[in-house]
Amino acid sequence: MNLLFILFFPLVVGLILLILKPAKAFIWSFAASLIELVAAGYVLSQMAESASPQSYLHDWIPEVGISFSLLADGISGILIGLCALLVPFIIATTARTDKANNAQYQGLILTMQTALMGAFLAKDAFLFYFFFEASLLPIYFLASIYGGENRQAISFKFFVYTLFGSLFLLIGLIYVYLRTPGQIHSADMEVLYQTAHGLTAQHQGYLFLAFFIAFAIKMPIFPFHTWQPDTYTTSPTQGTMLLSGIMLKMGTYGVIRLVLPMFPLGMATWGSTAMILSIVGVIYGSIIAIQQKDAKRLLAYSSFAHVGLISAGMLTQSVEGIQGALYQMLSHGINVVGLFFVIDLIERRTKSRELAQLGGITQASYVLSVCFVILSLGSVALPLTNGFIGEFLLLKSVFDHQMTLGIIAGITIILGAVYTLRLIQKSMFGNVSRITKDFEDLSAAEKWVLIPLCALVILGGIFPNVVLNFSEASVVQLAQLVK
Amino acid sequence: MSFIYLIPLLPLLGFAINGLGFPRISKSLAGIIGTIPPLVAFILSMQLFLNFDGTTQILTLSEWIKVGDLSIPLAFQIDALSIMMLLVITGVGTLIHLYSMGYMAHDKGLGKFFAFLNLFVFFMLILVLGANFTVLFIGWEGVGLCSYLLIGFWNQKNSYGDAARKAFIMNRIGDLGFLAGIFLLIQHFGNTNYADIFSAIQAGDVPDNVGLIAFCLFVGAMGKSAQIPLFTWLPDAMAGPTPVSALIHAATMVTAGIYMVIRANVLFELSPEVLHFVGWIGLATALLGAAIGLFQNDIKKVLAYSTVSQLGYMFMGLGASAYSASFFHVMTHAFFKALLFLGAGSVIHAMSDEQDIRMMGGLKNKMPITYVTFLLGTIAIAGIPPFAGFFSKDEILAHLYHHDPWMWGLAILGSALTSFYMFRVFILTFWGEFRGTEKQAHHLHESPLSMTIPLMVLAVFSVGGGLINLPHFAGGHEFLATWLAPLLPESEGLGEVSFLSLEMGAPLMAAFLPAFLAIYIFGVKKSVPSEDAAISGIQKVVYHKFYIDELYDVLFVKPIALMSNFFAQVIDFLVIDLFVEGIGKGVQYASTEIRKAQTGNVGYYVFLMVISISIILFLGLKSWIL
Chain V
1 MNLLFILFFP LVVGLILLIL KPAKAFIWSF AASLIELVAA GYVLSQMAES
51 ASPQSYLHDW IPEVGISFSL LADGISGILI GLCALLVPFI IATTARTDKA
101 NNAQYQGLIL TMQTALMGAF LAKDAFLFYF FFEASLLPIY FLASIYGGEN
151 RQAISFKFFV YTLFGSLFLL IGLIYVYLRT PGQIHSADME VLYQTAHGLT
201 AQHQGYLFLA FFIAFAIKMP IFPFHTWQPD TYTTSPTQGT MLLSGIMLKM
251 GTYGVIRLVL PMFPLGMATW GSTAMILSIV GVIYGSIIAI QQKDAKRLLA
301 YSSFAHVGLI SAGMLTQSVE GIQGALYQML SHGINVVGLF FVIDLIERRT
351 KSRELAQLGG ITQASYVLSV CFVILSLGSV ALPLTNGFIG EFLLLKSVFD
401 HQMTLGIIAG ITIILGAVYT LRLIQKSMFG NVSRITKDFE DLSAAEKWVL
451 IPLCALVILG GIFPNVVLNF SEASVVQLAQ LVK
Chain C
484 MSFIYLIPLL PLLGFAINGL GFPRISKSLA GIIGTIPPLV AFILSMQLFL
534 NFDGTTQILT LSEWIKVGDL SIPLAFQIDA LSIMMLLVIT GVGTLIHLYS
584 MGYMAHDKGL GKFFAFLNLF VFFMLILVLG ANFTVLFIGW EGVGLCSYLL
634 IGFWNQKNSY GDAARKAFIM NRIGDLGFLA GIFLLIQHFG NTNYADIFSA
684 IQAGDVPDNV GLIAFCLFVG AMGKSAQIPL FTWLPDAMAG PTPVSALIHA
734 ATMVTAGIYM VIRANVLFEL SPEVLHFVGW IGLATALLGA AIGLFQNDIK
784 KVLAYSTVSQ LGYMFMGLGA SAYSASFFHV MTHAFFKALL FLGAGSVIHA
834 MSDEQDIRMM GGLKNKMPIT YVTFLLGTIA IAGIPPFAGF FSKDEILAHL
884 YHHDPWMWGL AILGSALTSF YMFRVFILTF WGEFRGTEKQ AHHLHESPLS
934 MTIPLMVLAV FSVGGGLINL PHFAGGHEFL ATWLAPLLPE SEGLGEVSFL
984 SLEMGAPLMA AFLPAFLAIY IFGVKKSVPS EDAAISGIQK VVYHKFYIDE
1034 LYDVLFVKPI ALMSNFFAQV IDFLVIDLFV EGIGKGVQYA STEIRKAQTG
1084 NVGYYVFLMV ISISIILFLG LKSWIL
């Protein structure tokens, strides 16, 4: 029942906002997201205490064996935590803007949360698919109604591109589903794992590709990424946060939850290709980020580079790689929400994201620059920040898998420093420019978003075991299944 | 022993107070808040030193990362090596904090400055206290961060920001090597604890790739300790306030690479070819740094290249397995180089931020304390007995003499260069006539006590620091070598040396003759280095640091920038996206074409229906027949 609450509560409030359009939309949505956070926190802490997963099962379409089956275990728990944790921050970033009391906007964010939660909670593969696709709708509306320049064409491309990718996933799912035993087939993930294991190497290979392409577009992985920089740049800030902070993790989560356990033989054939593409993306994205002029676009490429490393690490199928991937999903979510918020704050005040026009902000707002540096340090994986734990484990897993690949992927720690420090210098340091000379210091509301995020960056670097212990058992179990 | 935790914790606390309190805490208070933590940490370290009974202690704070079979604890190791480092860091650190109170008194960012300095001390202490390579790495990257923040402390100036970024990025190149070394260690030993690794090796469990491991670790050291090819960041790092140059870029952080190699000496001893490499890199860096130092006219740049060069000496010593000699030089160098930098800072302070020695001269009467202490530092670094630098450098040279005569010969050459450029700087700054502007001349003054006390204390150590490891021939007991012996491989005795032998005579000649030459050229003949435009020939090449920065620019910086644009504008936009859009366009095209089949003509539909049915029937019949 708890899981049902976590799943549907945001939707209920979201629909109220969308239909009734109450005046104080911000209070509604922010309160709802906090309640959701408390509820999720309660469920997760109970799980950690009892060291056992929680599940919920109800018939949905019994005639064809599709059930409404939810599961929160060590793996999905991390993502549920991420989603519940970030949405309040994302909503808080709208405070005192024209979006704060825009009921439609807030309603879409909460609706989105349910879709994301659904994808992370689903234990039935079709239910997963349903939420995986459903999440496209709210984000599409957010981007195409509230986005920036050229928003309609860009959101449309994003929508069609990801939808196109998901078709492969659907076909692959149906294929395996039809081979499940019994009069009535089953789409339960456990059953699908067993069934898929029985398939020949060749079929597993095709299926691996079908699944992986769908997830690769979502993450995205090189060369399926060309929708991403435009979409991230054009979407309204909260849309970008949802996309990069949480939604792309549906792709990485999908690989961990479905691809790894279902197609070990497919992995054997295609795993190294997928890993190499992921690492190509790490380097490729980092190099492109170095010369970006628009701060938001720079972060978009940086996110692309980071997710490539997450993908490479989990494709090693080792406990360290998957744990590192989960940890980095969490860290990356926290860091990008913070970083995109900083860029948004700059844009609100100066009406610009062009690095050439900025500079010297630290002189006007010391706190903003300190927070930005802390978040950036998380992003460049400095020890004692959350980013280090994830990248350390990810790089180690890739290094253990194949030393050369590990070193190549490791170049990210150099290139990451190059583009991140450039971003800091061009925006925060140097002389004030025409548009930054009257830069207004942070308001209390803005500090209340940034400072807790920075605290999480550091706490995550010092006490990673709180999270790592939580997912350990489930990941070990998964790694055994893969073998 | 719980007070050990206080040693790193106090500077962290200082950082927190000054960091959060900035700019509300008044400047004078901020200076005091910043200086007390390293001072108390020094007293505690002294306590530790005096009560040390020779046994290594490991204090585990908590489990930090635990995944699968991998477990990395946050743990500290108290042993002979870490205690010595604690003393140097907190001792020299305290003096430099004190000095900064005077030097930075007029800067409105003083509180922030002390916060960063304290944070640096914290990370440096973590670096040396760590009981495993991963905790060492925390400190390692942490001091890199502080170095970045402090080099770019005056960040309004873009060139300073560039210097700060360069330092961080070049260090990161080394750090990738270090990280690879850590991964390799975990692969073989399962963790990175010193105790586990070294005892496993003692028990005969030597990894096949021990050479690779040592090499990777050394790559890290090359970045942090500014060795060829990763040395170009250090001279640029002089953009930071001078106390930063003294503390971070001379006395402590840059010697972290040497500390790490000494810490891992068990691994390096097993890979003679890597040690050989270490020695030659050190030699090449020592010579290159000294050569560039000959012609620099910025007082801090000379000292920076001198640091690069002296670090090279330390690595040369490591290459010859003379670990305690190198560590001895780490310590004496910390004294006299910190002294020289602080002296230079005192001069710059008096000269209203002028750093060009061609604009100085004749400062000895105006700033007597700075003058005398700088002279003592110069004598110490030149290797003139019985000052500290003589003993430590001589010990490295003595080991080189037995290890590789060629290396020894070249090291003597470098030593001669050192003596020359240091006396050159000293004379041009303090002797002769003042060459600066009227306004500067008017402003000249000796620095306040907060700045001169550290100078005097460091001067005492620069003169008498040799006592720490006074060799037998000078009547000493080699205290430092004995102290560190349990952690180091057994070294062969160097035998008796006589002052009259070549082994002893050559270094002395190399110290004295160039000093006299410099006195003759710059003191007696009073020649002053020419204007930048007038420099030509080989001198110009050396003055421009052999154009190494420009070379790196052409080899790495520009190509990456080009690649970045090429990837974004050509590969992404023209190749990949064109293909993606092409699929979309293709579907659109096909749909417009197929739509034409919907004509609305009933006869046409019936016709198509008949054809279709026949095809279905035909296929159906065929399968029935077959």
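Protein sequences, first through last, are from chains V and C.
Counting from 1, one number per residue, gives the positions in the first sequence under this note's numbering.
Counting from 484, one number per residue, gives the positions in the second sequence under this note's numbering.
We put the beta carbon where it would ideally sit given N, CA and C, even for glycine.
Quiz prompt | Nearest-angstrom beta carbon gap, Leu298 of chain V and Leu423 of chain V [assumed within contact, 8 Å] | solution = Leu423 of chain V to Leu298 of chain V, Cβ: 6 Å. Contact.
Practice problem: Give the interface partners of Ile505 of chain V over in chain C, defined as CB-CB distance under 8 Å, in chain order. | Solution: Because chain V is modelled from 1 through 483, residue 505 of chain V falls outside the range shown and cannot be assessed.
Self-check item: For Phe620 of chain C, the residue or residues it bridges with in DSSP
Solution: The bridge partners DSSP lists for Phe620 of chain C come to none.
Quiz prompt | Lys876 of chain C classed as buried or exposed, judged by whether at least 16 other C-beta atoms fall within 10 angstroms | solution = Per the 10 Å Cβ criterion, buried.
Exercise. State yes or no: is the beta carbon of Met1046 of chain C nearer than 7 Å to at least one beta carbon in chain V?
Key: For Met1046 of chain C, the nearest CB of chain V lies under 7 Å from its own CB, placing it at the interface with that chain.
Exercise. Tell me where the beta strand (DSSP E) around Trp547 of chain C begins and ends.
Key: Start and end: 540-550.
Practice problem: Locate the beta strand (DSSP E) running through Ser554 of chain C, then write down its first and last residues. | Solution: Element bounds for Ser554 of chain C: 553-561.
Practice problem: Identify whether Ala787 of chain C lies in helix, strand or coil by the three-state DSSP scheme. | Solution: Three-state result, Ala787 of chain C: helix.
Quiz item: What does DSSP give as the partner residues of Ala72 of chain V in its beta bridges?
Solution: Looking at the DSSP output, Ala72 of chain V shares a beta bridge with V:Gln54.
Quiz item: Would Val1093 of chain C count as contacting chain V if we go by Cβ distances under 7 Å?
Solution: For Val1093 of chain C, the answer is no, since every Cβ of chain V falls outside 7 Å of its Cβ.
Quiz prompt | Distance, Leu750 of chain C Cα to Val319 of chain V Cα | solution = Distance between the alpha carbons of Val319 of chain V and Leu750 of chain C: 29 Å.
Practice problem: Look up Asp1122 of chain C in the DSSP assignment and say whether it is helix, strand or coil. | Solution: This structure does not reach residue 1122 of chain C, given that chain C is present from 484 up to 1109, and the question cannot be answered.
Quiz item: Closer than 7 Å, CB to CB, is Pro494 of chain C near chain V or not?
Solution: Residue-level contact by beta carbon fails for Pro494 of chain C and chain V, as no gap is shorter than 7 Å.
Quiz prompt | Cut-off 8 Å between Cβ atoms - residues of its own chain near Val737 of chain C, not counting five sequence neighbours on either side | solution = Closer than 8 Å at the Cβ level, and outside the excluded window around Val737 of chain C, lie Lys707, Ser708, Ala709, Leu717, Ile731, Thr790, Leu794.
Quiz prompt | Minimum Cβ-Cβ distance from Leu1109 of chain C to chain V less than 7 Å | solution = Legend: pLDDT at Leu1109 of chain C = 49, less than 50; position of this residue unreliable, value from coordinates given subsequently. Leu1109 of chain C does not count as touching chain V.
Quiz item: From the beta carbon of Pro383 of chain V, is the nearest beta carbon of chain C less than 7 Å away?
Solution: For Pro383 of chain V, the answer is yes, since a Cβ of chain C falls inside 7 Å of its Cβ.
Practice problem: Determine the chain C residues that contact Ile287 of chain V at a beta-carbon separation under 8 Å, and present them in chain order. | Solution: Within chain C, the residues near Ile287 of chain V are Ile1043, Met1046, Ser1047, Phe1050.
Quiz item: Going by Cα to Cα distance, which pick from C:Ile1066, C:Thr1075, C:Val1093 is closest to Gly165 of chain V?
Solution: Considering only alpha carbons, the answer is C:Ile1066.
Quiz prompt | Distance CB(Gln357 of chain V)-CB(Ser427 of chain V) smaller than 7 Å | solution = Taking 7 Å as the Cβ cut-off, Gln357 of chain V and Ser427 of chain V do not qualify as a contacting pair.
Quiz item: Helix or strand or just coil, what does DSSP make of Gly949 of chain C?
Solution: Gly949 of chain C falls in the helix class under three-state DSSP.
Practice problem: Tell me, please, whether the stretch 559-574 of chain C touches the stretch 486-496 of chain C by the rule of three or more beta-carbon pairs shorter than 8 Å. | Solution: Output reads yes: the stretch 486-496 of chain C touches the stretch 559-574 of chain C.
Quiz item: Do Ala143 of chain V and Phe131 of chain V have their CB atoms nearer than 7 Å?
Solution: Result no, Cβ atoms of Ala143 of chain V and Phe131 of chain V do not sit closer than 7 Å.
Exercise. Just the C-alpha distance for Val307 of chain V and Phe605 of chain C, rounded to the nearest angstrom, thanks.
Key: Spanning the two alpha carbons is a distance of roughly 32 Å.
Quiz item: Are there 16 or more other CB atoms within 10 angstroms of the CB of Tyr1030 of chain C, so buried, or fewer, so exposed?
Solution: Answer is exposed; the Cβ neighbour count stays below 16.
Quiz prompt | Exposure label - Arg353 of chain V; buried when at least 16 CB within 10 Å | solution = Looking at its Cβ environment, which holds 16 or more other Cβ atoms inside 10 Å, Arg353 of chain V is buried.
Exercise. Take Lys922 of chain C as the anchor and find which of C:Leu1000, C:Ala1016, C:Ser835 has the nearest alpha-carbon.
Key: Across the set C:Leu1000, C:Ala1016, C:Ser835, the C-alpha of C:Ser835 shows the shortest separation from the C-alpha of Lys922 of chain C.
Quiz item: The alpha helix (DSSP H) spanning Glu472 of chain V covers which residue range?
Solution: Counting along the chain, the unbroken alpha helix (DSSP H) around Glu472 of chain V starts and ends at 465-482.
Quiz item: Going by Cα to Cα distance, which pick from C:Asn615, C:Pro755, C:Tyr796, C:Asp679 is closest to Met743 of chain C?
Solution: Closest in alpha carbon position to Met743 of chain C, among C:Asn615, C:Pro755, C:Tyr796, C:Asp679, is C:Asn615.
Quiz prompt | Interface residues of the stretch 443-456 of chain V facing chain C [CB-CB below 9 Å] | solution = Result list empty, no residue passes.
Practice problem: State the CB to CB distance for the pair Ser1013 of chain C and Phe819 of chain C, rounded to an integer number of angstroms; the pair is presumed to be in contact (CB under 8 Å). | Solution: The C-beta distance from Ser1013 of chain C to Phe819 of chain C rounds to 29 Å, too long to fall under 8 Å, and the pair is not in contact.
Exercise. Return helix, strand or coil for Trp60 of chain V, following the three-state DSSP convention.
Key: Look at Trp60 of chain V here: in three-state DSSP terms it is strand.
Self-check item: Straight-line Cα distance separating Ala84 of chain V from Ser286 of chain V
Solution: Distance between the alpha carbons of Ser286 of chain V and Ala84 of chain V is about 29 Å.
Practice problem: Express the C-alpha separation of Thr385 of chain V and Val813 of chain C in angstroms, rounding to a whole number. | Solution: If you take the alpha carbons of Val813 of chain C and Thr385 of chain V, they lie about 31 Å apart.
Exercise. Mind reading off the beta-carbon distance from Ala827 of chain C to Ile782 of chain C? Whole number of angstroms is fine, and I expect it under 8 Å.
Key: With a contact defined as Cβ atoms closer than 8 Å, Ala827 of chain C and Ile782 of chain C qualify at about 5 Å.
Quiz item: Does the stretch 260-270 of chain V come close enough to the stretch 95-107 of chain V that 3 or more CB-CB pairs lie under 8 Å?
Solution: In this structure the stretch 95-107 of chain V does not touch the stretch 260-270 of chain V; the number of beta carbon pairs closer than 8 Å is below three.
Quiz item: Given that a residue counts as buried once 16 or more other Cβ atoms are within 10 Å of its Cβ, and exposed if not, what is Ile526 of chain C?
Solution: Answer is exposed; the Cβ neighbour count stays below 16.
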